[in-house]
Every structure is written in C-alpha cells, then in structure tokens.
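Residue numbers (mature numbering (1 follows the signal peptide of the UniProt record, and there is no 0)): -27 to -1, 1 to 959. For reference, the structure discussed in these notes is given below.
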C-alpha cells in the first residue's frame, strides 16, 4: 500500500511537470514576439526542475524511481503509427517543438511513452480516475482540472467516475455540484448519485432523485433498483417499494436474483413476511444471498424454527452457505436453545468457513445469551482479531451471569488492547453495577463516561439513571444523570419514573409521567407498567384510576403487559371485581395475567378465590407455569387444603415443573402447613441444591408441627451444608425455641445473629424474643428487652407480652400492656378480649364487662372464631354456634353423644352453651361423620384454640383412636391417642 501511494504521487508529479512544460513551451513561443517574457520562461523552467528534484526525494528509498513509476503504468508497445515514440531519442534533449504541433495532447493514444516522454490523454486520465476510484483515493480529483483544459469536461464516462470519486471522498455536497454541472447524464450518472444518497443515509433524497430520473425518461437498471429498494426498506415505505417492484417487472428484471433478494429484504423490514416468502418461492435461480435473505426475513418475523428449517432445504438445493448465512442462523439459535447453537457452530467448522470478526462475534453472542461464558471465551480466543462489538458481547455475558469481576476485567483488557469502549460497552458494565448494587464502581464508571464525553448519550445516560436509582439511597445523582442526557427518550423517562416508584415517591413518578407527555415523548408499555407497579396501596387508587383512563383513551390496554399490570394493582388493593373486568377486556391473556391475580388474592387473604382461578386458566387453554403453580400452592398451604395441593403436585410432576426450585419450595411449605411433615420431608430430600428458602420452609414446617428438636437439628444441618441463614431463618428458629420452651438456646441464637452472621435483628426478631421470655414466665426480662431495644415499640410487641401476662395471670402488668396497646392501636379487638378475659379469670367480672362494653362502644367486634375442614375437594366452614350447615342436626347429635362418652372418662363439660359449640368442635363432629375411620381429620382455625376445645380434642383421639390435626392461629396441634404435640405448652 505504501508503494502504491508513492507510485501515485509520482504519477501526479509527472503530470504537474508536464503541465509546467506545456506552459514553458507556450511562453517560449511568445518570447520570440516579446523578449520581456524571457524571465517568465526561466521561472517556469526552474519550477519544473524543483518538482523533478522533489520527485526524486519522494522515491529516495526506491532503487530506480523512474522505472518503478513506469512499471506501475500501462505501456503501449512501440509502433510506426506513434510518431512521438519513434522520433524520440533518449540520449538527446527533448524537442519541445513537438508540443506546439499538438502531438502530446490527444483524445486517445498512448499514456506514457518511453523514457521521459509522457502523454496526458483521455485513456491516461481514465486510468488514473479508475485507479483512485477503486481505492477511494481523494488525490484522483486533481485530474479534474486537466480534463477541463483538455476539453473533456463533457466526457460522460470520465465524469461518472469523477462523480463517484467526489461522493466517496468528499461527501454529498461536492457530488451534488458535480452532478448538477454535468451537461450529459445517463443511467450510470443517475444511479451513482442515488447510490451516494443511500450510502450517506439521505434516503428521502434518493427516492426524490429516482422520481426525477424516471420523469426525465432514463430507464433504470438493476443497480438503480437495488439502491432505491434499500432506501424503501430503511424508510419502510411500502407504497414506494411496491411501485419500484412494478417498475422492476415492467423493465423485465423480475428474475434478477440480486433484486429478488432486495425485494425480500424490503418486505421483511416492512413486516410483510408473506410477500417476502412469495418472492422467494417464485425466484428462478436462488443463490446464497437469496437463501440468506429469506432466512433473515424469517428471523425478523421471529419465526426462529422456520428459519432453521430453511437451512437444510438450502443445502438440499445445492447452495453453499457463507458466513452471513451462519450469522443469521446463530441469531435464530439463541432463541431456540444451546443445542441448536452448537449444531450451527459444528456446521461452521464442517464447511470450513473462515472465522472472521463478524462470524466470531455472532458465535460469542450466541454462547453469551445461553450463559455459556466459557464457550464464548474459547471462541473469542480462537483468533486475535477483535473489536468493540466483540468485547461488548463478552461484557454483556458477564453482566447476565452477574460476574462483576470478570466484566470489569474484560473492560480493562479491552482498553489495554487499544479498543475504545462505545456507548453499549459502558451501558453493559453499568447494568451489572445495577444488578449487584455496586454504587462505588458505578460512580467510577460515571467519571470515565464524562471523560469520554458520552454523558449526553441516551443509552449511557439511561444506564446511569437506572444504576443510581437502584444503588443509591438518594435520587439526586439519578436526576443529575437524567439532566445530562441531551435528548431523553422514552427509556430515559421510564427509568426515571420506575426509580421514583422504587424509592416510594409515587407522586414524583406521576409528575415525571406528566412532564413526559408535555415534552412530546409518548409512554410505552414499560412506562405504564413501571408506574402501576408502585401503586400497591389504596392511597394511590385515585391516581391509578386516572392512569387507567389514559390507558383506555390511548388503547394501551391492548398490550398484554399493561393489562397484566392493571390486574396486578387492582388485585393487590383488594378490588377483585375491577381486576376481573380488566381480564375480561383483554384480547390476549397468558399465565402472567392469572398469576398476578392469584398473587394479589393471596396477599389480601382470599386464598379460596385464588384456587378458583385454575378453572379459568383451563378454560382459556393457558398452561400453568412455575410461577402460577407456586401461587396456587401458596393458596392451598394457607387454607391447609391438602387435596387441591396434591392435585397441583401431580400436575407439576406430569408437566415437569416439579424440578423448579420455586415449585419444590412451595410443596415443602404446603405439606408443612397441612401437618403432613413426612411428605414435606420427602419433597425436601428430593431437592438437589436447596437454597435458604427451602431450608426455611422445612424448618418452619417442623417447628409448627411441634418437632422443635428436629427443627433446630435441621438448622444446624443447613449451616453444615454451607447455606447462609437470613433474617427469616432466625425468625423460624426463635419460634421453635419459644414454643419448645428452649429459652437459653433461643437467647443464644438471638445473640449469634449479629455476632456470627452479621444480621442485624429487626423489630420482628425482638417480638419473638419477647414471646420466648414471656411464654416461659420471664416477664420482667421481657420488659427489659422492650425498654432496651433500638426500635420504637409497636402495638404487636405489647400485645405479645399481654398474651403472656394472660397465660401467667399477671394482671397489673397486663393492664399496663393493654393501655399501651390501646394508645397505639385502639381498633384492635384482640386487646380488649384478652384484658376482659384476664379480669374474668381474676374474679373481676365487672371490669371484664366494662371492657367489653367499651369495645362495643367503639364499634369493635370480636373476630369470630371460624374453622374449616376439607372433605372430597370441598371446604366446609363452621362458625361458633352456627346452624347453617345442611348436616347441623347430625352434627349436634354427634356432639351430644361425644360429651356423654367423654364424661365417663372425666371430661367436665362447661355450662357455657357457646363454648359447647365452638367452631372446631363442630368441624370435628362433621369429620367423624364423613371421613373413613382410619383417615386423619385436619382442621384449620383462624384464632388460637381455647383450652376447653384443646382438652376435648385430646380426649376424642383417645376415645376413637383417630388422629386430629388442628392448625390454629399460632401453631399445629397434632392430637393422637390422648396426647398433643404441644405438650400442653402453647
């Protein structure tokens, strides 16, 4: 390349010497008539000599510069028809008189003669222009002036080359001037100018010029149509494209494979994939480009499997793939799975396709998206060639697997190799900072972005906004990053609004939404769903209604993401009917739609309604996924509904979803809350790698079923397995110690939270500690904990100690706790009930009645006791003293029979009629009437079981040899053969 440049410079120097010589000859001619011009002739001669000297210096490293120049140019063999060559003697001085005869300036003929003789001709100019045009060398335009002096300014062929050279080297404006100044234009001229517009992205001008071309009567060729179709595809001008296709057919180019590929590309980018397929089907001769374009069309239409199926057909047709074919196939394989990607990679090797940078980047991207970073790195290291796109793909892969260390290492190695990061590189590294909450590193990258001058770029700015919103406790830096973006787009505004909702600044999020509309940026589905995500309280209901109105007005509810977000927010605030109405309006529903509804219903305690969603999903032919299964398992666990839970378990096994960790964790929770600890243990043992949620669910199941030592043993096993406990784990462990009367061990676990595991105890942990001490009778120690804890006491912790005072009969402390509870939460009826019962137990019934009267005066009602039992997939609900059940007569008869039999074994029935018909007693009687004699009876009670009913259950199991499992508001009571799992400590 260096030699070619020197040769070209030599050529231009020779041309310049020749022009000086021409001027010298003319000056000598005039000198005879005017002797005063003799000095001017001498100056010209000195200039020519100076240029000749510089030419020798330029080629000083070449042994024979003149021969090198002559060897690089075409020669004309000596002939008698060339008087110049035949008359020149290299040993004699050159005869300038030949120039006056016009023998050097020719319209055709030899370009460079032997020795120092050179002819500036049309052919020579054509060669120089063609040479420079092929190599985009801007020096070629220097010949434009000699062409004009030669009178070739209207030479169409040479002008077309000049037009191309101006467009390539100097841009559109000089090319336009050249085009406008041309006296004659043919199809090559018009096509060249159209092509220049297309290459520079001036697609509207390209179409406008094509229209002028057609009007002027010039017939387009296949190259014209190819360039125009590129502009139509870029602008997605369907009407223009169909017009061009009509012209193609009119002029007989419809069988041209290049134009066929261009038409397929055009229709694909206009989302008219059927038309693209039809063109491909009727093409006479399809080449590699045509097949690759059709594969690309299918990929654009997201028909990944069809794109891959086309590849074997291509091979069957005898068409060999190239690197671009494999790049497209790798794109499809990223959406179909790793196996397809490996198969395409194998074919790349099989066909011996050169691993150029584009193909290598496509392979790396495929492995990155499949999260196979080792394979991606191996492919990247196969050749030394790399660019910013390859490095950005690798960094993006490390971002996906949250490997911040390797992402930063790749970023640094990239810079060491001299590859400058682009906006997407910075966006990728900032994304991993957001994912792992690396604020300090994000701030360092922000400074690098500012040094690179990229803070105004929207993609980098959006990543900075997201990073600061997720990592920083303050929103100031995010706002600054937003203000630095030169042209905030919809993603910028969405990141800002989503960040406000994450920080609980809902009003700011709606204000950003309003400003977004004012500046003319239209929200997309992610903007709307991000704002709706933060509207989970009834206080935001008015704003939700307003946003819903905007969604209906703009018909944004047609997007399934927006519809699902509306369902989610209405379900979370308990507006179930509105959520169902939104579902009814949705044209398309998916598993996420119903999962959002089920999640909201579970959060608001409507578990039975949540389970009723399953038939609706089946009616819409929507299969449950792992997330919806987990929601329905949660509903079954909350209801202790074993039968629906078992059916969901069966579905998970048949569908293969039981291998999902979230489903397995849901099953452990289900069986634990249903009192079937064996099934819970079986599911837990089948989990190959249990996480902290798995362990928490299993330990909680053991503890709530009274297996406290097993629960604490499982906690130790968890630590031995290398699973770090979290705050939930210690809540479960403290619960086990509290209900297992393991006071010293519970206190030790509480101290170890911060000392050994770095977990700061929260208010919930202090509530458990107070319950642990109070339940064991250490009331003063519990008071000391409340007074010294680093949190302001709430009503719950006072109510917990009030319950302990009730159990141990400490009326004075109980009154004090009740007073503090009522000050903080005067609407909780449980406090009044506990205090009234304490007065009754201490013989102060008048104070008890006054407390109940005060409760009624404040419009409070005791939470009615309810129990439910599930038999043959139907849940039967019982209330204390209720008489609405169809079998109520038989139930009462059974209770009377039971009381009669229990009196014989020492059970003293109370005189209180209400306690004789408590909801759990009604449920037990119903279970005895409607279940097999060997089946356990499982009952759920919404509040704590009373002592009388507890004794009743224990004696019934002794009398009938039946197992009765009662889950009350605190724990499980497993009654068997006259004993209870609580050991009378609850």
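For each residue, glycine too, the CB sits at the ideal point set by N, CA and C.
| Item | Value |
| --- | --- |
| Please go through the stretch 524 to 593 and give each complete beta strand (DSSP E) segment of 3 or more residues, from N-terminal end onward. | none |
| Leaving aside the five residues before and after residue 161 along the sequence, list all residues of the same chain whose C-beta is less than 6 Å from its C-beta, in chain order. | 133 |
| Of the residues 819, 297 and 806, which one's Cα is nearest the Cα of residue 837? | 806 |
| Spatial neighbours of residue 535 within its chain, please: C-beta separation below 7 Å, excluding the five flanking residues on both sides. | 498, 501, 502, 524 and 529 |
| Taking the alpha-carbon positions, what's the residue 761 to residue 742 distance? | 13 Å |
| In its own chain, which residues sit with a C-beta less than 8 Å from the C-beta of residue 956, not counting the 5 before and 5 after it? | 679 |
| Which partner residues does residue 952 have in the DSSP bridge list? | 949 |
| Along the chain, where does the beta strand (DSSP E) that runs through residue 839 open and close? | 839 to 844 |
| Nearest CA to the CA of residue 946: which residue from 750, 893 and 904? | 893 |
| Under the three-state reduction of DSSP, which class applies to residue 224: helix, strand or coil? | coil |
| Could you give the residue range of the beta strand (DSSP E) that holds residue 849? | 847 to 852 |
| Around the C-beta of residue 632, are 16 or more other C-beta atoms found within 10 angstroms, so that it is buried, or is it exposed? | exposed |
| Could you check which residue in 174, 359, 352 and 406 has the C-alpha nearest to that of residue 390? | 359 |
| Are the Cβ atoms of residue 294 and residue 259 separated by less than 9 Å? | no |
| By the DSSP assignment, the alpha helix (DSSP H) with residue 187 in it spans what residues? | 176 to 188 |
| Which runs of the alpha helix (DSSP H), 4 residues or longer, sit entirely within the stretch 449 to 474? | 449 to 457 |
| Where are the alpha helix (DSSP H) runs, 4 residues long or more, that stay fully inside the stretch 607 to 689, in chain order? | 615 to 628, 634 to 646, 650 to 658 and 665 to 677 |
| Please state whether the Cβ-Cβ distance between residue 339 and residue 367 is less than 9 Å. | no |
| Could you give the residue range of the alpha helix (DSSP H) that holds residue 242? | 230 to 242 |
| By the DSSP assignment, the beta strand (DSSP E) with residue 940 in it spans what residues? | 937 to 940 |
| Nearest CA to the CA of residue 411: which residue from 228, 252 and 440? | 440 |
| Which first and last residues belong to the alpha helix (DSSP H) in which residue 150 is found? | 145 to 154 |
| What residue range is occupied by the uninterrupted alpha helix (DSSP H) comprising residue 960? | With the chain represented from -27 up to 959, any question about residue 960 goes unanswered, as that position is not in the structure. |
| Going along the chain, which residues of its own chain have a beta-carbon closer than 7 Å to the beta-carbon of residue 749, five neighbours each way excluded? | 714 and 716 |
| For residue 910, does the three-state DSSP call read helix, strand or coil? | strand |
| Pick helix, strand or coil for residue 274, following the three-state DSSP scheme. | coil |
| Tell me which same chain residues have a C-beta within less than 7 Å of the C-beta of residue 853, skipping the five on either side of it? | 837, 838, 887, 890, 891 and 892 |
| Enumerate in chain order the residues of its own chain whose CB-to-CB distance from residue 787 is below 8 Å, with the five nearest sequence positions on each side excluded. | 775, 778, 779, 807, 808 and 811 |
| Are residue 495 and residue 463 closer than 9 Å when you measure CB to CB? | yes |
| If you measure from the beta carbon of residue 478 to each beta carbon in chain C, is any gap under 9 Å? | This model lacks chain C altogether; it includes just one protein chain. |
| For the alpha helix (DSSP H) that residue 927 lies in, which residues bound it at each end? | 920 to 933 |
| Taking 9 Å as the cut-off, decide whether the C-beta atoms of residue 616 and residue 935 are in contact. | no |
| Apart from the five residues on each side of it in sequence, which residues of its chain come closer than 8 Å, Cβ to Cβ, to residue 256? | 228, 230, 233 and 263 |
| When the Cα of residue 177 is compared with those of 147, 469 and 209, which residue comes out closest? | 209 |
| I need the straight-line Cα distance from residue 449 to residue 460, nearest angstrom please. | 19 Å |
| Among 158, 215, 174 and 202, which has the Cα closest to the Cα of residue 190? | 158 |
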